[in-house]
């Protein structure tokens with residue numbers, strides 16, 4: 001059995017045992033309350049409270065105590081089970097009130113088959129928040145990214161870097177303003193049409209239980225030749241050739257039979273297979289070693305040379321040769337320009353970050 005499932009079963013059993021133990025303690029309390037004779041040391045109190053009693057009267061009294069105790073025990077169990085199970089009702093209520101996403105497809109506004117064929121991205125006074133009532137996480141973001149530009153996105157923790165990528169895929173909707181890709185407002189598109197035309201390489205690699213080929217091409221849209229070409233460009237071909245079954249090798253749940261670096265390179269191969277015009281890197285190399293980082297950066301520069309790349313950078317040295325740097329601060333665009341321009345101003349935020357990283 002998978003170790004993850006064993007741990008889940010262990011947690012479930014521990015919680016169940018805790019609940020039943022509390023029920024027994026509560027039941028004992030209700031048992032002792034109406035019938036002091038259940039507690040050693042309190043049984044003689046019957047004599048002092050009621051005086052001498054005939055055997056029949058005493059027996060009848062204990063019989064009544066048992067009936068009351070049974071009723072109270074049942075009450076305690078019922079209340080305890082109600083408190084436990086009411087959580088399910090609360091969850092159902094919460095899920096039933098969760099706002100649904102926008103339409104998967106919009107038949108009245110379908111982009112062309114090759115969209116986006118340029119990869120131009122424009123933010124127009126864009127603002128968004130994660131839930132109604134919360135503060136804005138992006139505030140009046142305005143910038144224009146040309147076709148084929150490589151843009152590094154940097155900023156301190158909580159500056160709004162990841163919120164930009166979340167907004168681009170419409171995982172959260174705009175509070176105001178708009179995002180356009182090749183001149184088309186993404187808010188007018190169906191979610192499938194939008195998300196299937198963009199590619200993201202996240203920090204935590206996502207590997208499904210199944211074959212390597214299925215992980216690279218889940219909808220069986222590409223040939224084996226294209227799969228092998230992607231593996232070669234991702235520096236995984238030699239590794240896969242040595243596996244039993246090669247591209248039909250079975251990956252464990254979450255890629256547990258692969259190293260972290262191999263998982264990320266496999267995700268890189270997946271992006272190479274799809275090869276869309278817009279690629280988003282969300283701290284894609286933060287969890288890998290320097291050698292794997294270098295392999296990923298080299299592949300991005302050679303295989304995505306004509307694509308628009310937005311890279312949230314974990315290591316500033318990986319984006320110093322990019323076309324533009326977008327510096328976020330408290331949900332706003334603080335600086336936007338070439339690395340040379342920003343580093344020329346010693347008072348800029350980017351210069352300060354580069355200095356802290358020992359790059360200037």
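In full-length UniProt numbering, the protein residues as written are 1 to 360.
Ideal Cβ positions, reconstructed from N, Cα and C, are used throughout, including at glycine.
Distance from the CA of residue 280 to the CA of residue 309, rounded to the nearest whole angstrom, comes to 6 angstroms.
With respect to the C-alpha of residue 323, the residue from 340, 140, 154, 289 having the closest C-alpha is 340. Rounded to the nearest whole angstrom, the C-alpha separation of residue 144 and residue 300 is 21 angstroms. DSSP, reduced to helix, strand and coil, places residue 223 outside both helices and strands of the structure shown, so it counts as coil. Residue 171 holds the alpha-carbon nearest to the alpha-carbon of residue 195 among 178, 171, 217, 218. C-alpha of residue 183 to C-alpha of residue 302: approximately 27 angstroms in a straight line. The count of Cβ pairs closer than 8 angstroms, one atom from the stretch 65-74 and one from the stretch 150-157, stays below three, leaving the stretches out of contact. Positions of the beta strand (DSSP E) runs, each at least 3 residues long and wholly inside the stretch 84-128, are given as 121-128 in order along the chain.
Around the CB of residue 205, 16 or more other CB atoms lie within 10 Å, so the residue is classed as buried. With a cut-off of 8 angstroms on Cβ pairs, the stretch 174-193 is not in contact with the stretch 263-275, counting fewer than three such pairs. Minimum Cα-Cα distance from residue 230 among the listed residues 247, 332, 254 corresponds to 247.
With distances taken between CA atoms, residue 328 lies nearest to 312 out of 321, 312, 180, 317.
DSSP places residue 282 inside the beta strand (DSSP E), whose first and last residues are 278-282. Of the residues assessed, residue 126 falls on the buried side of the cut-off, its CB having 16 or more other CB atoms within 10 angstroms.
Comparing alpha carbon positions, the residue from 335, 261, 330 closest to residue 296 is 261. Judged by DSSP secondary structure, residue 336 falls within the beta strand (DSSP E) whose first and last residues are 332-337.
Beta-bridge partners assigned by DSSP to residue 179: 123. The alpha carbon of residue 207 has as its nearest neighbour, out of 239, 164, 257, the alpha carbon of 257. With a beta-carbon spacing of about 5 angstroms, residue 236 and residue 265 fall inside the 8 angstroms limit used to define contacts. Per DSSP, residue 318 lies in no beta strand (DSSP E) segment and is marked neither H nor E. With a cutoff of 8 angstroms on beta-carbon distance, residue 129 and residue 137 are scored as near each other.
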